[in-house]
Amino acid sequence: MCSAKSKSLAFTGVLLSCLEMIFSANTAPDTPVIDQAYSKLSNSITVEWRAVPGATNYMLTAQDGDSFVETIVKNSPGTVTGLKPATLYRITVRSINSGGKSQPSPFRKVKTVLAAPILSVHSPSCDSIAVSWKAVHMAAGFSVSLVRSDGLGRMLKQNTTNTSLIFTNLDPGTLYTIKAYAWNANGMPGDDFTYNQRTIPCAPVNISIEEDEPGHLLVSWSSVSLGHYYVVFVKSDDGLEVHCNTSHTQCHFQSDCGFTYFISVFAYNKAGQSPSGDVLNYTTAPCCPSDFRAVFISSDTVRVTWAPVRGADLYETRAAGGSSVVFCRDTATACTLSALQCSTPYTITVYSFSEARGCSSSCAPQYVATAPCSPEIKNISKEGLSVISVQWQPNNEEAMYVVTARGEAGLWHCTSTRNSCSLMDLPCGSAFSVSAIARSPAGQSLPSYSIPLETAPCCPNDLILTQVTQSVTNISWSVGRGAQTYVTTLESPKGQAKCHTLQTYCLLGCITCGTNYTVSLRAISETGLTSSCTYQGYSSSACCPSGVKLYRLSNNGIRVFWRVSDETIKYNADLHGSKGNFSCTPSSGLSHCDITKIPCGDVYTVVVAPVTDKGPKLTFCPKKIYSVTCSGSSVGMVIYRGKSNAKHI
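Sequential numbering from 7 applies to the sequence shown in the working numbering.
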């Protein structure tokens with residue numbers, strides 16, 4: 007419990023306090039006194055003062071010429087904000103309560119510090135950070151520091167009067183904290199500016215490009231420390247560009263033949279893109295000619311043509327077949343391959359070459375076969391009349407062989423898939439050159455060597471026999487084409503007559519009268535070929551009579567007598583004189599005939615000859631001359647005056 011004195015003192019204190027509060031509420035507080043004022047930030051000034059009894063608030067005023075900024079605070083210290091950097095202000099403080107404001111305190115002059123430089127930061131390379139800023143008003147210099155954000159490593163600091171600098175030898179892909187401030191001529195630092203920047207990753211290295219299969223490019227590289235992902239740019243020489251985003255260390259790209267590709271690989275993290283690694287170029291193999299055509303010029307020569315293809319500087323054409331390979335190289339889009347083997351399948355391929363890439367190895371071949379080899383004629387023989395057999399050595403199972411006989415008379419052909427054929431109806435007496443060719447789907451061979459062929463001479467179409475004398479016959483005939491000499495033969499059981507001549511006629515002697523003969527002729531060519539020709543049989547005329555005599559008959563007539571060997575033959579007697587011509591023909595079997603009323607006193611030529619059914623009378627029988635004289639009356643005696651004076655033709 008409190009004593010009465012103590013209670014009295016406590017009451018007195020409370021009363022005094024209440025009176026003081028009442029008094030204070032009705033009067034303005036005392037004027038404060040600034041202890042210190044300073045600027046740590048470019049837009050504010052901080053003021054410190056001693057507290058004033060009865061003051062509930064304080065008013066801070068910063069005046070710059072005619073402009074000022076006021077701020078109400080509760081107590082000390084207080085800060086005036088919204089100021090201009092590097093500006094001198096008059097700072098005053100007033101205390102405030104319900105009774106009003108006190109008078110301003112004595113002012114202090116305080117200058118705001120310099121503004122902080124506004125940094126522009128980037129990482130130009132994987133081991134550097136570039137910092138730049140605009141000029142700061144009233145700044146005499148700048149201080150920039152850099153330290154790893156994870157606290158590892160040492161701080162780097164640079165003072166400069168420039169507005170940019172670069173920190174180098176940094177760790178790639180690492181986050182750094184950059185802090186910068188400016189100072190004035192008195193060395194007073196201004197606001198600082200803090201910025202976090204990560205260095206970009208280093209450029210990818212060990213970049214390689216390979217064409218793992220035609221039409222596909224594989225780009226690979228080594229992993230980059232602190233690289234989050236990679237972008238590969240591939241640009242072809244026609245301007246088209248594609249890219250690939252990946253977190254792996256390789257990318258696949260479609261490629262076309264005959265193009266050059268330029269490849270760049272970049273690594274990325276939050277700081278951005280790394281510098282470009284080595285820019286590589288890769289040229290794909292030139293395109294293959296796929297539309298080439300092979301045309302045979304001859305059985306051993308083929309001309310290959312094609313359209314030009316992209317990326318090719320040179321072309322090589324190869325023909326592989328048999329035991330040999332034929333090739334040619336040219337910048338032109340055509341090639342002629344010669345000296346190929348006949349009747350041989352070939353694989354023809356056209357390859358493209360480029361200086362950058364070399365040969366295109368995936369070009370598709372074309373399969374062709376050369377024409378058959380020339381056949382070789384082994385034998386030519388005569389099989390029959392106007393039939394010639396030709397034999398050869400076959401050399402191609404698919405070939406059709408064509409044999410041609412060529413001469414002035416024309417062309418004759420025969421064909422076969424085997425080893426022989428026959429030429430039919432060749433004209434006689436003709437010369438031919440016989441050759442053979444082989445035809446197959448691949449083409450036609452060169453002709454074989456020609457073999458001469460001569461057909462036997464032709465038989466004369468016409469043959470005429472004329473009996474000149476009783477034992478001599480003349481034979482004539484038309485020309486037989488191809489014949490040089492002729493052998494004519496008349497043959498009977500009684501004998502044979504023959505002649506060999508260059509002419510188209512011949513006299514055959516030793517002919518037996520009244521005999522049937524077989525007539526044949528052989529036409530012989532210059533080389534000895536012979537044609538045997540048989541004609542219609544020939545019968546020689548009957549024999550001339552012998553013992554021809556004339557006897558006088560009464561009534562001025564003459565009887566002609568003769569002897570015969572065959573009584574079946576009919577004869578005719580002719581008398582020719584200056585006073586007339588007379589004839590008589592007895593009946594068959596008689597050997598005389600009479601001529602009546604013949605004038606006397608004349609000389610007569612008497613011929614007795616067999617009568618023929620064909621042609622004129624025979625003139626080769628003996629002629630005898632008789633004189634008929636007149637004695638006394640009209641007719642004298644018949645006097646034999648001479649023998650035959652017949653001329654043999």
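Glycine is no exception: its CB is placed at the ideal position from the N, C-alpha and C atoms.
Every beta strand (DSSP E) of 3 residues or more that sits fully in the region 118-170 is shown, in chain order, as 125-131, 134-139, 147-154, 162-166. Taking C-alpha positions only, Ser360 is separated from Asp244 by approximately 17 Å. DSSP places His234 outside both helix and strand once states are collapsed to three, so it counts as coil. Considered as a whole, the region 400-461 harbours 406-413, 416-422, 426-430, 437-446, 457-460 as its complete beta strand (DSSP E) runs of no fewer than 3 residues, in chain order. Take Ile394, set aside five residues on each side of it, and the residues of its chain with a beta-carbon closer than 7 Å to its own are Ile386, Lys388, Ser428, Leu429, Leu432, Leu459, in chain order. Counting only residues of its own chain and dropping the five nearest sequence neighbours on each side, Met144 has a CB closer than 7 Å to the CB of Ala92, Leu120, Asn190.
Straight through space, the alpha carbons of Glu54 and Gly84 are spaced by roughly 7 Å. With respect to the C-alpha of Gly520, the residue from Thr423, Pro605, Thr618, Val493 having the closest C-alpha is Thr618. Between the C-alpha atoms of Ile124 and Tyr288 there is a straight-line separation of about 46 Å. Residue environment analysis places Phe74 among the exposed positions, since fewer than 16 neighbouring C-beta atoms fall within 10 angstroms of its C-beta. Taking C-alpha positions only, Ser296 is separated from Ala345 by approximately 25 Å. Distance from the CA atom of Ser633 to the CA atom of Lys603, rounded to whole angstroms, is 15 Å.
In the three-state DSSP reduction, Glu217 falls in the strand class (E or B). When the beta-carbon positions are compared, Tyr455 and Leu496 stay at least 8 Å from each other.
Taking the Cα of Glu414 as reference, the smallest distance to any Cα among Arg487, Asp608, Trp568, Ala300 is reached at Arg487. In this structure, the beta-carbon distance from Ala375 to Thr350 falls below 8 Å. Around the C-beta of Ala43, 16 or more other C-beta atoms lie within 10 Å, and the residue is accordingly described as buried. Inclusion of Ser441 and Pro453 in the CB contact set at 8 Å is warranted, their separation being smaller than that value. Apart from the 5 residues on each side of it in sequence, Thr342 sits with its Cβ closer than 6 Å to the Cβ of Arg309 in its chain, given in chain order.
Linking Thr180 to Val137 through their CA atoms gives a straight-line distance of about 16 Å. Counted as a single uninterrupted DSSP element, the stretch harbouring Arg316 is not any beta strand (DSSP E), since DSSP gives it neither H nor E. Lys629 counts as buried, since at least 16 other C-beta atoms from the protein chains shown sit within 10 angstroms of its C-beta. If you draw a 10 Å sphere on the C-beta of Leu158, you find fewer than 16 other C-beta atoms in it, and that means exposed. Inclusion of Ser392 and Tyr407 in the CB contact set at 8 Å is not warranted, their separation being larger than that value. Under the rule that a run must span 4 or more residues, no alpha helix (DSSP H) segment is found entirely inside the region 334-410. For Val617, there is no enclosing beta strand (DSSP E), since its DSSP letter is neither H nor E. Considering only Leu559, Val554, Gly563, the residue with the shortest C-alpha distance to Cys627 is Val554. In the same chain as Leu469, and ignoring 5 residues on each side of it, the C-beta atoms closer than 6 Å to its own belong to Trp483, Tyr541, in chain order. In the assembly as shown, Gly595 is an exposed residue. Its beta-carbon has fewer than 16 other beta-carbons within 10 Å. Under DSSP, the beta-bridge partners assigned to Val612 are Leu581, Lys630. The Cβ atoms of Arg204 and Asn275 sit closer than 8 Å to each other. Here Pro292 is near Ala318, since their CB atoms are less than 8 Å apart.
With contacts defined as CB atoms closer than 8 Å, Val142 and Ile184 fail to qualify as a contacting pair. Take Ser368, set aside five residues on each side of it, and the residues of its chain with a beta-carbon closer than 7 Å to its own are Pro220, Cys294, in chain order. Around the beta carbon of Ser253, a 10 Å sphere encloses fewer than 16 other beta carbons of the protein chains shown; the residue is thus reported as exposed. The straight-line gap separating the alpha-carbon atoms of Lys115 and Asp72 is approximately 15 Å.
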